[in-house]
Amino acid sequence: MVKIAPSLLASDFAHLADEIVKLNKAGADMLHWDIMDGHYVPNLTFGPQVVKALRPYTSLPFDVHLMVQNPDEMIPWFANAGADIITVHAETCPHLDKTLDSIHSFGLKAGVSLNPATSEQVLEYVWDKLNMVLIMSVNPGFGGQCFIETQLEKISRVKELIGKRNISIEVDGGINPMTAAQCNARGADILVAGTSVFEGGDYAKNITSLR
Ligand code: DX5
Ligand code: ZN
């Protein structure tokens, strides 16, 4: 069954601990932290102190998505804050192979994210260092955007390239029950959802309808 990773970007920032406890009870499989630096993307969100402060509130894996200009500098910060998976954008890593080694050196799972306009070809020589490929189905920076349909083809291509390797495909942006079904059909393993998990307040029902 596809896993659901609610994005805390759409949560109530004034009550993050309560939100995390509620998502845990509602059946979330992991929690997705959108880390934005105001440079790589035009938005600013959580720093490592915030992530660390929330770590005791759940044992769900922390899936940390770095949308920052200097991921190499920040990997140790978020490893120490309690991340389980760290995903970097291929576009921000001039030495991607080395960056993935750095994530693994903390005993964490490593993911690479591809913007909508980035080809999966950038992964060609790092497959053996990957635990996850994060396919952005919106341009990073904000929640509540529309799913970019061309990314469905990318899911299929990545699935084929992964073959028998144990690498998950995560899709992020514009996920609702309809686009979730399309992603599932192409072989997505994890769906990140902000708006569609939080809207209306019944997180359990929303997570079930995404599955
Ligand atoms: C966008 C973030 C997403 C975002 C998804 O830059 O990476 O995780 O929160 O939000 P929705 O589900 O609202 O598109
Ligand atoms: Zn994200």
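Quick note on numbering: the sequence shown equals residues 10 to 220 in the numbering used here. The beta carbon of each residue, even a glycine, is placed where N, CA and C say it ideally should be.
Tell me whether the beta-carbon of residue i lies closer than 8 Å to the beta-carbon of residue j.
i, j, result
"D93", "D72", "yes"
"A88", "L117", "yes"
"M145", "P125", "yes"
"H74", "S122", "yes"
"R220", "V11", "yes"
"K61", "A14", "no"
"V167", "I184", "no"
"P80", "V59", "no"
"L18", "D38", "no"
"A213", "A35", "yes"
"L109", "A99", "no"
When DSSP builds the beta bridges, which residues end up paired with residue i?
i, result
"H41", "S16, D72"
"L109", "Partner(s): none; L109 has no beta bridge."
"K163", "In DSSP, K163 forms no bridge with anything."
"G120", "T96, M141"
"A46", "Strictly speaking, residue 46 in this sequence is Asp, with Ala absent from that position. Beta-bridge pairing links D46 to L53."
"S177", "M141"
"V201", "A14, D181"
Quick check: does the Cβ of residue i come within less than 7 Å of any heavy atom belonging to the ligand ZN?
i, result
"S111", "no"
"S146", "no"
"H74", "yes"
"H41", "yes"
"D38", "no"
"D181", "yes"
"V201", "yes"
"S16", "yes"
Is the closest heavy atom of the ligand DX5 to the C-beta of residue i under 7 Å?
i, result
"A190", "no"
"P186", "no"
"S20", "no"
"P149", "yes"
"S114", "no"
Within the present structure, is the beta-carbon of residue i separated from the nearest heavy atom of the ligand SAM by less than 7 Å?
i, result
"H98", "What this structure holds is the ligand DX5 and the ligand ZN, not the ligand SAM."
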